[in-house]
Each structure stands twice: as C-alpha cells, then as structure tokens.
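Count the first sequence with this note's numbering and you get residues -5 to 496, in order. The beta-carbon is built from N, C-alpha and C at its ideal position, and this holds for glycine as well. Predicted model only: the values in this text are computed from it and were never measured. Worksheet: one structure, shown below.
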Amino acid sequence: MVAQRVRTRFAPSPTGYLHVGGLRTALYNYLFAKKMKGDFIIRIEDTDQSRKVEDAQQNLIKTLEWAGIVADESPVHGGSFGPYVQSERLHIYREYCDRLLEDKHAYYCFSTSEELEENRQLQLKQGLQPKYNRKWLPEEMGGAMPSSNIRKKMAEGSPYVVRMKVPDYISVWFEDMIRGPVEFDSSTIDDQVLMKSDGFPTYHFASVIDDHLMEFTHIIRGEEWLPSMPKHLLLYEFFGWEPPKFAHLPLLLNPDRSKLSKRQGDVAVEDYIRKGYSCDAIVNFVAMLGWNEGEGTEQEVYALQELIDKFSLERVGKAGAVFNVEKLNWLEKQYIKHRPAADIINTIRPVLASELAKRETLLSVDVITGDHYLEQVIELMRERVGFEHEFVTFSSYFFFEPESYEEEAVKKRWIPETNDLLREFTAELEVLEPFTAETIESALKAFVAPKGLKAAVLIHPLRILASGVSFGPSLYHMLEVLGREAVLRRITKGIEQISVAE
RNA sequence: GGCGUGUUCGUCUAGUGGCCCAGGACAUCGCCCUCUCAAGGCGAAGAUCACGGGUUCGAAUCCCGUACACGCUACCA
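Next comes the structure, spelled out in structure tokens:
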C-alpha cells in the first residue's frame, strides 16, 4: 500500500433508490473511515448500462447526505482519483485488460450464450459447479484452441469477451476482518469474464482495478461477494498488487429471514423518509443492526458522532439481522423527546403550511405559525407523537377547530348536567386573569367543590370540546396554549352540538 | 447439485472455557403515578444458546457430524 491513510468506499449501481442494506454498508464504511481519521469515497458502478436509471446517481448521493454521510470524494465532490463513475474509465480497463492478455493471464473467448448455457446445464446434471469449459483457451496457454482459429474469429469481427485464466493451483485462503479466516475449494474457481463484448468490464475486473488505483485500504461490502474473493485475490496477484483488507457484512433479512425485499416491507430509505422518520433514528437503527459497542455496554441510542467515536469493525456481528420496525419506532420517539424545539419547528413548518393551504383556521395564523406558539405545542406533545409531522396532524386541534367529537367519549362523559355546568364554568373562564394552566386548574376545582362534584365531571368534557378527542396532553396546559377566545368558542359550539338524550 | 457463510428470549443483541440452565433493549402483560393519552418508575413472563455426539473437573463458548437459513454458481452488480 502506497498510502497509509484509511480510505473506504461505497460503490452503488445507479439502478434506483438507496436500499436500507446499502445505507448500512455505506454507513459502516463512513464510520470506519471517520473513526480512523480517513476518507470516505463514493464511486458509481454503472458497467451494466441496461440497468441504469436516470437521476439514480444524484438521488443516491442526496439520500446519503440526508443521512449525514457526506463523501470526501465522489462524482459530485471531485477528487484526485477521478473519474468516479466507471463508465468514464473504460480506457483504463482496456489498458489493464491488454496487459493481462500480454502476460497470458487472460484470453479471448468467442463462445455464444447458447453454448455457455448448454454447457452449464450439462454440468448441473452431473452435480458439478458450472465452469467455463475453456473451449477458446489457446494452445500457447495450455488449451486446445489453435491460434489460427482465434485470428480468424477476430478477422471476422466476431463478438468476444476476455476471460481470466485461473491457474491450476492458487491460494484459497484469506483473513476477513469480521469473519476471521475463510477458506475456499479451489476447484470451483471459474475463468471469470473480465471484459464484456460491449466493451464494458465486469464488476470483478473494474472493482479490483479501481480499488487499487483509488488506493482504498479497506473494502467493506456485503457477503454476497464473499464467494468471489478467490477471483479477486487472483487479479491482485496477476497485477502484482497488494490487496486491501476485506470485511464482508451479513445481509439484512425479512421477518421470515429471507433477504430483505420489497415484497415484505419497505426497503428504500426514501420510504422511511416519506413516513417521517428522522435521519437520527434511521442511522442509529441501521448502525445497531449487527453492530454493538461491546464490553457489556447497554446503550441503545447513539448520535452519528458517537457512532464514529465508538465504531469498530471487530464489533460487527456475523449473523444476518431481521429488520424490525418496532425498534426503529422506539428510537424515533427517543429522538423526538430530546430534539431541540427549533429543529422540530423547521420540520413541521412546511407541514403546517400545507395544512393551512387546505383548511381554514379560526385561530390567528400569525400566532399559530410563530415560534412561541409552536414551541408550546412541541413541549406539550413531544412525549405523545411518533413522528414530527404528528405535531400538526395528531394534534391538529392546536391549529384547527375540531370537526367532530369522539362518539364513545361523549357517551361516556356526558351526563344531563354537563352542558349546564359547562355554561356556568364558561362565565368563570371569561373573567379569569391571567389565563394560565394554574389559574384554570384552580378555577375549575373551586367551581366543582361547592357543588360536591369531582373535577373529572368537567375535565373530560372540556378536553373533548377543546380537542375533539378524549386523549392528549394535560388539559390545563392545552387550554392555556389555545387561549381564552378559542376555548370559549369551542365550548359554546360544543354545548350547542352535544345534547344528552334521556 | 457444487462452493461459501450463518444459527442465543417474538425482534435487535450481551457473551469468546468457570462470574451465566444466560444480561440489556424493543415488543407483550401488570402495578405505581395520574383528569385522558402518553412519558417515567417498578415488576412479570419469555432462550439451559438449532439438533446429536465428543473434548474437559467444567462448554452458549473448543472439535466433529446433522438440520435449517442465506448468499454465490450471469457477457448483473
């Protein structure tokens, strides 16, 4: 390794959205790099042109940055090792391909898809791992194909690929940073295609070359690449390069333990963003799927910087983890409970504006969109909401008149005297000074005591009239925030609308 | 079929030869608090560690075998 500075990368294909599994891979790469005071790089692997999705590259980078994972180098940020998009580096792969051909580590192959498939089926029938039959391995490299046939094919302009030539005896052992020593059966290693007939390299070829040229010190990726390690190590050997350190992460699973997929739940990070989850909770949750601080630590809530400080690859587990949304929900609540009100205001302002555009409010818009009012709502509701947008949607009575009253609650809480009591208590509220939770509570208790009644006889009806529902924050504080005018209006309206038969 | 990896409460996990027939969190249930809903506090239930052998004074931990799950087996990445 030329450079000692730690460099890691996240190398997605621009085929769509950022998968939560990809987020975790990116996150671990980022955490490791930042922990080691190194660099985190984004590279786009678009060698399969048929699967490329417009704008996917942008969206991937944007979603990562939303999560707080900002690259030091990338197609957007630039850097010394560009280009950072593989389709812009084809001349590099051709050069290295030529070198392997010269060194007799690779050869041309003119086999058709049909021939390959036929050969594959034959081998499967025999219970063998399908391997290329080396039909086009030239004589001079130990095969049976005369050079003249190869030259003839080239002259005809037949499509070909370039395959690596796997030696008969190679080392099949390496040390994985998470799993420890891993061994392979060398007989299963195939003459992998390195360059496709469209002039693009395969993942195997391009990633080895780029990982070396971009000087990555650690490759942290999903375990689906583990069986390809022998081929990759061999390519490093062909080029005379020292390989980086490797760590293969276990996959995230569905509840039925199959690989995480759309059919069983949301897998795009965007889906969670859309639902209202914050980046704090998502990052915390994803990090803890298969990693823990160790040494009996029981901490569950980690901010990004804390994760950086404490992250270690050795603490990543080997087993696949089931993506369990209940834990994510709990984490989101923990973050909402402790987040600064100003931050929450920034998030709910657009939500509130959107609601105000749809519905008419009888409250002063200047007041209910002001910081002071919103801070009060937030402090009353933060222990009761599951998402930030619920400050607006779940407690809409702070912004809009209730449109209905919870039927069951009305049945339960209304007695024949309720409306008369409410009317009479309204007169108390009209002259109450100042209009605060404390004075409201005192007034209410002073009101019911002489009548030999419990406070509850008014508390529940007041709540229902003020909010439309039977649950919510402390009644007195709610009434204070709403203000006298709104409270009186809602009580008066409620009395008109609710009556008790019998 | 072949190769590779994995397996501890429902879920995420602690654990790395004795502290553990197993700790924490989420979820579930109950009590307290309480005007409601929450939050908080306390408690309960829940895995002898996939299964079977072996090594050892002693195994969740080391070894062997089996089962199951996941991945690779493409001119996908």
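Beyond the five residues adjoining it in sequence on each side, Gln117 comes within less than 8 angstroms, by CB distance, of Gln123, Pro124 and Lys125 in the same chain, given in chain order. Contact check for Tyr391 against Ser461 passes: the beta carbons are separated by less than 7 angstroms. The DSSP-derived three-state label of Pro455 is helix. Here DSSP, grouped into helix, strand and coil, assigns His71 to coil. Annotation for Glu177: Val166 and Trp167 place their beta carbon closer than 7 angstroms to its own, counting only its chain and skipping 5 residues before and after.
Phe465 is classed as exposed because its beta carbon has fewer than 16 other beta carbons within 10 Å across all chains shown.
The Cβ atoms of Val263 and Val47 do not sit closer than 7 angstroms to each other.
Around the Cβ of Lys28, a 10 Å sphere holds 16 or more other Cβ atoms; the residue is buried. At a cut-off of 3 residues, the continuous stretches assigned as beta strand (DSSP E) that sit fully inside the segment 203 to 268 are 212 to 216 and 239 to 243. The Cβ atoms of Gly311 and Gly284 lie closer than 7 angstroms to each other. Linking Thr433 to Phe441 through their CA atoms gives a straight-line distance of about 12 angstroms.
The residues His198, in chain order, have a CB closer than 7 angstroms to that of Ser222 in the same chain once the five nearest residues on each side in sequence are set aside. In this structure, Gly270 lies away from Leu243, with their beta-carbon atoms at least 7 angstroms apart. Assignment of beta-bridge partners to Asp170 by DSSP yields Gly174 and Phe240. The residue from Leu228, Gln186, Ser81 and His71 with its alpha-carbon nearest to that of Asn127 is Gln186.
Per the coordinates, the alpha-carbon of Gln370 lies some 15 angstroms from the alpha-carbon of Asp360.
Under the criterion of beta carbons closer than 8 angstroms, Ile213 and Asp204 do not qualify as touching, at roughly 11 angstroms. Close CB contacts of His71 within its chain, under the 7 angstroms cut and outside five residues either way in sequence, are with Ala65 (chain order). Close CB contacts of Ala431 within its chain, under the 6 angstroms cut and outside five residues either way in sequence, are with Tyr470, His471 and Glu474 (chain order). Annotated as distal: Lys98 and Val155, with beta-carbon spacing of 7 angstroms or more. Arg478 sits close to Phe429, with the two beta carbons spaced by under 7 angstroms. Glu300 and Met30 have their C-alpha atoms some 14 angstroms from each other. Note on His366: under 16 other CB atoms within 10 angstroms of its CB, so exposed under the neighbour-count rule. Three or more pairs of CB atoms, one per stretch, sit closer than 8 angstroms, so the segment 410 to 426 contacts the segment 447 to 462. In the same chain as Leu84, and ignoring 5 residues on each side of it, the C-beta atoms closer than 8 angstroms to its own belong to Gly193, Phe194 and Pro195, in chain order. Two segments are said to touch when three or more pairs of C-beta atoms, one from each, lie closer than 8 angstroms; by this definition the segment 403 to 412 does not touch the segment 342 to 360. Burial check for Val160: the Cβ neighbour count within 10 Å reaches 16 or more, so the residue is buried. In the displayed model, Leu298 falls within a helix according to three-state DSSP. Classified as exposed, Leu447 has fewer than 16 neighbouring CB atoms from the shown chains inside 10 Å of its CB.
The shortest C-alpha to C-alpha distance from Cys103 to any of Ser306, Ser141, Glu326 and Pro238 is the one to Ser141. Lys256 and Leu21 have their C-alpha atoms roughly 21 angstroms apart.
If you ignore the 5 residues before and after Lys253, its C-beta comes within less than 7 angstroms of the C-beta of Leu245 and Leu247, all in its own chain and listed in chain order. For Ala65, the secondary structure class from DSSP, reduced to helix, strand or coil, is coil. Annotated three-state conformation of Tyr22 is helix, per DSSP.
Judged by DSSP in its simplified three-state form, Ile38 adopts strand. In this structure Ser201 is buried. Its beta-carbon is surrounded by 16 or more other beta-carbon atoms within 10 angstroms.
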